[in-house]
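S.K.:
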Amino acid sequence: MTNTNRDLTAVLPDGNDFVFWETEQVYDRELHISARNGCDETGDGTSGAPFASIGAGAAIAAPGTRVIIHAGTYRECVRPAQGGTSPEYMIAYEAAGDGEVVIKASEVATGFARSLDYRIDSDSDGTEPVIWEHALNGEMFHGYNPFGVVNCIHEKNWLRYGRVEKESSLEPYFLRRGMVYVDGHPLRQVQLYQLMSNAPGTYWVEENGLKVHFRMPDNGSPEGHLIEVSCREQNFVPAKPFQSYIKVKGLTMLHAANGAPVPQIGALSCGRGHHWIIEDCVIGWANALGIDIGNEGWSIRRRPDQVIGYAVLRRNQILDCGVCGIAGIGASYTLVEDNVIARTGWQHMEFGWEASALKFHDSVDSLFRRNIFRDSDLCDGLWLDCGNYNDRITQNLFLNIRSPHGMIFMECNRGGAVPHEILIDNNILWDSKFYQSPEALKHTITIDSTHWNEPFDLSTPIGEGISGYGSDDMHIANNLIANMDGMGYSHNIIRGRMHGGRGGTSRNSIVMNNVIYDCRSGAIRLPNHDNTFDGNYYAKMPQGFLVLTYPAPTEQLDLAAWRRFEGYDLHGGYAAFKLSVDQEALTLTICPDDKTGVWDDCESVGYCSMEKVEPDAKVSTDYFGNVVEGKRMPGPLVVDRDDVTISIDPRKL
Numbered sequence: 050m051t052n053t054n055r056d057l058t059a060v061l062p063d064g065n066d067f068v069f070w071e072t073e074q075v076y077d078r079e080l081h082i083s084a085r086n087g088c089d090e091t092g093d094g095t096s097g098a099p100f101a102s103i104g105a106g107a108a109i110a111a112p113g114t115r116v117i118i119h120a121g122t123y124r125e126c127v128r129p130a131q132g133g134t135s136p137e138y139m140i141a142y143e144a145a146g147d148g149e150v151v152i153k154a155s156e157v158a159t160g161f162a163r164s165l166d167y168r169i170d171s172d173s174d175g176t177e178p179v180i181w182e183h184a185l186n187g188e189m190f191h192g193y194n195p196f197g198v199v200n201c202i203h204e205k206n207w208l209r210y211g212r213v214e215k216e217s218s219l220e221p222y223f224l225r226r227g228m229v230y231v232d233g234h235p236l237r238q239v240q241l242y243q244l245m246s247n248a249p250g251t252y253w254v255e256e257n258g259l260k261v262h263f264r265m266p267d268n269g270s271p272e273g274h275l276i277e278v279s280c281r282e283q284n285f286v287p288a289k290p291f292q293s294y295i296k297v298k299g300l301t302m303l304h305a306a307n308g309a310p311v312p313q314i315g316a317l318s319c320g321r322g323h324h325w326i327i328e329d330c331v332i333g334w335a336n337a338l339g340i341d342i343g344n345e346g347w348s349i350r351r352r353p354d355q356v357i358g359y360a361v362l363r364r365n366q367i368l369d370c371g372v373c374g375i376a377g378i379g380a381s382y383t384l385v386e387d388n389v390i391a392r393t394g395w396q397h398m399e400f401g402w403e404a405s406a407l408k409f410h411d412s413v414d415s416l417f418r419r420n421i422f423r424d425s426d427l428c429d430g431l432w433l434d435c436g437n438y439n440d441r442i443t444q445n446l447f448l449n450i451r452s453p454h455g456m457i458f459m460e461c462n463r464g465g466a467v468p469h470e471i472l473i474d475n476n477i478l479w480d481s482k483f484y485q486s487p488e489a490l491k492h493t494i495t496i497d498s499t500h501w502n503e504p505f506d507l508s509t510p511i512g513e514g515i516s517g518y519g520s521d522d523m524h525i526a527n528n529l530i531a532n533m534d535g536m537g538y539s540h541n542i543i544r545g546r547m548h549g550g551r552g553g554t555s556r557n558s559i560v561m562n563n564v565i566y567d568c569r570s571g572a573i574r575l576p577n578h579d580n581t582f583d584g585n586y587y588a589k590m591p592q593g594f595l596v597l598t599y600p601a602p603t604e605q606l607d608l609a610a611w612r613r614f615e616g617y618d619l620h621g622g623y624a625a626f627k628l629s630v631d632q633e634a635l636t637l638t639i640c641p642d643d644k645t646g647v648w649d650d651c652e653s654v655g656y657c658s659m660e661k662v663e664p665d666a667k668v669s670t671d672y673f674g675n676v677v678e679g680k681r682m683p684g685p686l687v688v689d690r691d692d693v694t695i696s697i698d699p700r701k702l
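Under our numbering, the residue at position 206 of the sequence shown is numbered 255, and the numbers go up by one with no gaps.
See below:
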């Protein structure tokens, strides 16, 4: 009998429970902050005499202090002077609950004139562009002017200019970091003044970064609108590295003018500290990165006594980040649960190799559960890159992602004498789109695979569900992978990564009891035979949907050949049903298929025609965390009929 007192959604691949370190905190001092009636000069932080800026409280908050922030807009970068000393004795920065607390890395712009010094063509319909100019106030920058700095200035060895120029554009890597907002919505930056022709809602920055020229979305005047310009790199970051035991709760942070990773400089940054709790926050419109945890960069020397990780990220909304939502290097023992990460990747810097709603390196013993990853463009959903093991990815919902690799992407996570698994179970992946449009694919070049960092066999990725590059010991069970332009599950081998313990061989993975539906390029693509498949069910597939790319020539198999020659899926099969997802209501509808599926003389008549399968040894719960005893239906849902609509929002709020 299963122990129902144990949280089975938090059991890691090695069979041990994820370590929850949180405990009840003790606060013996409160500091009040109020933008509306506070004063830094005369206030003392009491409720009757609050400070006006959060920074005034952050400068004196000691362990055991709760900084209570009242409703208002705070235009500052909060820089805590110190952290707490233990899980019980933290420093907390919390919204008071009397209205929204907004920390903006921008200032209000006033003073506009018509821009008349540069030539610009009329729009194609004869409309004369109305361009405005605004001289930036240098005093607001305090030594960091994002309008004078391009997005990528640090580690660029990964940026292969020829490839990027052929497949996308170099433009976003060398645009300025500063942004212009009209009534809360950003204008789109262009490289040349003339490109504002035929493009209302754009702006251009002069070479010295001290003047912006912009065109309103309606080609009208800025008068009567709120115009804001970003001027700070971050919203919240400790004054010095390694400050730990800090809690941030209920705050909204907008308009960070940070640069593309690496280094990882988030709008909200743990500053290389450990044991942070970040919950119920909103991070929006960061130029590059929403939240960073861990060690910030792989070139940063790690101190011998340094503790990395132990962060808790819960119930946050990370929205509209240009490159990455959450990033972590060495972010081990981390809990990421009940978050929404949406609309990531609008900068289109996919060839910066850090573009993902969530990307971690060297993360061990971490738990990613009940999150929603959705509506990302030219970036992956969840990406674990090099040195990750004993992590669990469970009960997550992935929706509408146009990615260069996959909704879930495992890169170069290598096993060893004792295999280190990553468990991917009970997730729903729906609607992964072509990386490029079908028209662009007609002109796609073949990648030069001799480069050390290129997969052995790489064509342009086209909307994969779960993807691996040189990763061993993946354990993929009870997922629903559906409505993919590309493959449901694919793997490639990367040359040159088999050194320093980084690269893997794409072997020894277990793929069990999944439902793979309507993947228009096929269900599975593998570079070798050395993996295990069983209990998987396939529906609405093209011909030859099971692919082995090595040894040559490529084999494209149906289920009968898959079973006979590989010995795979002896307890799997075909099914015929119809699935649809309402992406606004977050519901899944399962309907009978009027046309029964007939392949290999095996006929399926509906969802419930799938035979129950032996449970995976490591998975004893369903998508909602309910314990499932004995044999179960494949996939993440326990459903006993094929005419039903259910909620697929996994969060516990």
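Backbone N, C-alpha and C fix where the C-beta goes; we use that ideal spot for every residue, glycine too.
It should be emphasised that the depicted structure is a prediction, and the values quoted were computed from it without experimental measurement.
Could you tell me which of 109, 635, 441, 694 sits nearest to residue 64, measuring between CA atoms?
M.R.: Looking up residue 64 in the sequence shown gives position 15. Ranking 109, 635, 441, 694 by Cα distance to residue 64 puts 441 first.
S.K.: Which residues bound the alpha helix (DSSP H) around residue 103?
M.R.: Start at 1 with the first residue of the sequence shown, and residue 103 comes out as number 54. From DSSP, the alpha helix (DSSP H) with residue 103 extends over 103-109.
S.K.: What is the DSSP secondary structure of residue 636, reduced to helix, strand or coil?
M.R.: Along the sequence shown, read from residue 1 onward, the residue named residue 636 stands at position 587. Three-state result, residue 636: strand.
S.K.: Taking the alpha-carbon positions, what's the residue 436 to residue 346 distance?
M.R.: Sequence index remark: in the sequence shown, residue 436 carries index 387 (1-based). Sequence index remark: in the sequence shown, residue 346 carries index 297 (1-based). Cα to Cα, the separation comes out at about 14 Å.
S.K.: Could you give the DSSP three-state label for residue 301: helix, strand or coil?
M.R.: Taking the first residue of the sequence shown as position 1, residue 301 is located at position 252. Correct three-state label for residue 301: strand.
S.K.: Kindly indicate the opening and closing residues of the beta strand (DSSP E) around residue 416.
M.R.: Start at 1 with the first residue of the sequence shown, and residue 416 comes out as number 367. Its beta strand (DSSP E) spans residues 416-418.
S.K.: Starting from the C-beta of residue 149, find all residues in its chain whose C-beta is less than 8 Å away, skip the five residues before and the five after it, and write them out in chain order.
M.R.: For the purposes of this step, residue 149 is taken as residue 100 along the sequence shown, with counting starting at 1. These residues qualify, in order along the chain: 120, 301.
S.K.: Please name the residue in 265, 403, 202, 186 whose C-alpha comes closest to that of residue 258.
M.R.: Your numbering for residue 258 matches position 209 in the sequence shown. Ranking 265, 403, 202, 186 by Cα distance to residue 258 puts 186 first.
S.K.: So the beta strand (DSSP E) residue 391 belongs to, where does it begin and stop?
M.R.: Here the question's residue 391 lines up with position 342 in the sequence shown. Residue 391 -> beta strand (DSSP E) spans 389-391.
S.K.: Got a sec? Which residues, its chain only, sit under 7 Å from residue 582 by beta carbon, not counting five neighbours each side?
M.R.: Position 533 of the sequence shown holds residue 582. Excluding residues within five positions, the ones whose Cβ falls inside 7 Å are 560, 617, 618.
S.K.: Check residue 359 in the structure and name its three-state DSSP category.
M.R.: Start at 1 with the first residue of the sequence shown, and residue 359 comes out as number 310. Three-state DSSP puts residue 359 in coil, outside helix and strand.
S.K.: For residue 481, write down the residues that DSSP places opposite it in a beta bridge.
M.R.: Within the sequence shown, numbered from 1, the residue matching residue 481 stands at position 432. 450, 533, per the DSSP bridge assignment.
S.K.: By the DSSP assignment, the alpha helix (DSSP H) with residue 611 in it spans what residues?
M.R.: In the sequence shown, residue 611 corresponds to position 562, counting from 1. Element bounds for residue 611: 608-615.
S.K.: How big is the Cα-Cα spacing for residue 390 and residue 613?
M.R.: Working through the sequence shown from its first residue, we reach residue 390 at position 341. Working through the sequence shown from its first residue, we reach residue 613 at position 564. Cα-Cα distance, rounded: 42 Å.
S.K.: Let's test the definition: count the other Cβ atoms within 10 Å of the Cβ of residue 589 and tell me whether it reaches 16, buried, or not, exposed.
M.R.: As a position in the sequence shown, residue 589 is number 540, starting the count at 1. Residue 589 should be labelled buried.
S.K.: Pull the bridge partners of residue 431 from the DSSP assignment, please.
M.R.: In the sequence shown, counting from the first residue as 1, residue 431 sits at position 382. In the DSSP output, where bridge partners are listed per residue, residue 431 has 407, 457.
S.K.: Are the beta-carbon atoms of residue 140 and residue 105 separated by less than 7 Å?
M.R.: The count along the sequence shown starts at 1 and reaches residue 140 at position 91. The count along the sequence shown starts at 1 and reaches residue 105 at position 56. Not in contact: residue 140 and residue 105 (Cβ atoms no closer than 7 Å).
S.K.: Residue 686 to residue 626, Cα distance in whole Å?
M.R.: Taking the sequence shown and counting its residues from 1, one reaches residue 686 at position 637. Taking the sequence shown and counting its residues from 1, one reaches residue 626 at position 577. Whole-angstrom Cα-Cα distance: 14 Å.
S.K.: Per DSSP, what kind of secondary structure is residue 263 in: helix, strand or coil?
M.R.: Residue numbering aside, residue 263 sits at position 214 when the sequence shown is read from its first letter. Note: residue 263 maps to strand in three-state DSSP.
S.K.: Under 7 Å between the Cβ atoms of residue 181 and residue 271?
M.R.: Position 132 of the sequence shown, counted from the start, is the residue given in the question as residue 181. Position 222 of the sequence shown, counted from the start, is the residue given in the question as residue 271. In contact: residue 181 and residue 271 (Cβ atoms closer than 7 Å).
S.K.: Between the alpha carbons of residue 225 and residue 396, how many angstroms are there, rounded?
M.R.: For the purposes of this step, residue 225 is taken as residue 176 along the sequence shown, with counting starting at 1. For the purposes of this step, residue 396 is taken as residue 347 along the sequence shown, with counting starting at 1. Answer to the nearest angstrom: the Cα atoms are 12 Å apart.
S.K.: Report the residue from 475, 449, 520 whose alpha carbon sits nearest the alpha carbon of residue 462.
M.R.: The residue labelled residue 462 in the question sits at position 413 within the sequence shown. Nearest option by C-alpha distance: 520.
S.K.: By how many angstroms is the C-alpha of residue 161 removed from the C-alpha of residue 425?
M.R.: Counting from one through the sequence shown, the residue named residue 425 turns up at place 376. Counting from one through the sequence shown, the residue named residue 161 turns up at place 112. If I take the Cα positions, the gap works out to 35 Å.
S.K.: Kindly give me the distance between the Cβ atoms of residue 379 and residue 354, rounded to whole angstroms, as I take these residues to be in contact under 8 Å.
M.R.: By 1-based counting over the sequence shown, the position of residue 379 is 330. By 1-based counting over the sequence shown, the position of residue 354 is 305. Actually they are not in contact, since the Cβ atoms of residue 379 and residue 354 sit about 14 Å apart, beyond 8 Å.
S.K.: So, helix, strand or coil for residue 182, using DSSP?
M.R.: Taking the sequence shown and counting its residues from 1, the one referred to as residue 182 is at position 133. Looking at residue 182 - three-state DSSP - the assignment turns out to be strand.
S.K.: Beta carbon of residue 340, beta carbon of residue 375: below 7 Å?
M.R.: By one-based count along the sequence shown, residue 340 stands at place 291. By one-based count along the sequence shown, residue 375 stands at place 326. Taking 7 Å as the Cβ cut-off, residue 340 and residue 375 qualify as a contacting pair.
S.K.: Figure out for me which residue from 227, 366, 222 has the closest Cα to the Cα of residue 311.
M.R.: Within the sequence shown, numbered from 1, the residue matching residue 311 stands at position 262. Looking at the Cα atoms, 222 is the closest of the given residues.
S.K.: Grouping DSSP H, G and I as helix and E and B as strand, with all else coil, what is residue 366?
M.R.: Here residue 366 refers to the residue found at position 317 of the sequence shown. Residue state, collapsed to three classes: strand.
S.K.: Can you have a look at residue 666 and say buried or exposed, based on whether 16 or more other CB atoms are within 10 angstroms of its CB?
M.R.: Numbered from its first residue, the sequence shown carries residue 666 at position 617. Its Cβ having fewer than 16 others within 10 Å, residue 666 is exposed.
S.K.: I need the DSSP call for residue 190, collapsed to helix, strand or coil.
M.R.: Against the sequence shown, residue 190 aligns to sequence position 141. Three-state DSSP puts residue 190 in coil, outside helix and strand.
S.K.: So what does DSSP say about residue 58, is it helix, strand or coil?
M.R.: Counting from one through the sequence shown, the residue named residue 58 turns up at place 9. Reduced to three states, the DSSP call for residue 58 is helix.
S.K.: Could you tell me if residue 292 is buried or exposed, where buried requires 16 or more neighbouring beta carbons within 10 angstroms of its beta carbon?
M.R.: Sequence index remark: in the sequence shown, residue 292 carries index 243 (1-based). Its Cβ being crowded by 16 or more others within 10 Å, residue 292 is buried.
S.K.: Pick out whichever of 367, 365, 343 has its Cα sitting closest to the Cα of residue 358.
M.R.: The residue you call residue 358 lines up with position 309 of the sequence shown. Of the candidates 367, 365, 343, the one whose C-alpha sits nearest the C-alpha of residue 358 is 343.
S.K.: Among 683, 377, 387, 59, which residue has its Cα nearest to the Cα of residue 330?
M.R.: Translated into positions along the sequence shown, residue 330 becomes position 281. That would be 387, whose Cα lies nearest to the Cα of residue 330.
S.K.: Please report the straight-line C-alpha distance between residue 240 and residue 254, rounded to a whole angstrom.
M.R.: If you number the sequence shown from 1, residue 240 lands on position 191. If you number the sequence shown from 1, residue 254 lands on position 205. Taking the straight line joining both Cα atoms gives about 8 Å.
S.K.: Report the partner residues of residue 376 according to the DSSP bridge assignment.
M.R.: As a working mapping, residue 376 is identified with position 327 in the sequence shown. Beta-bridge pairing links residue 376 to 341, 408.
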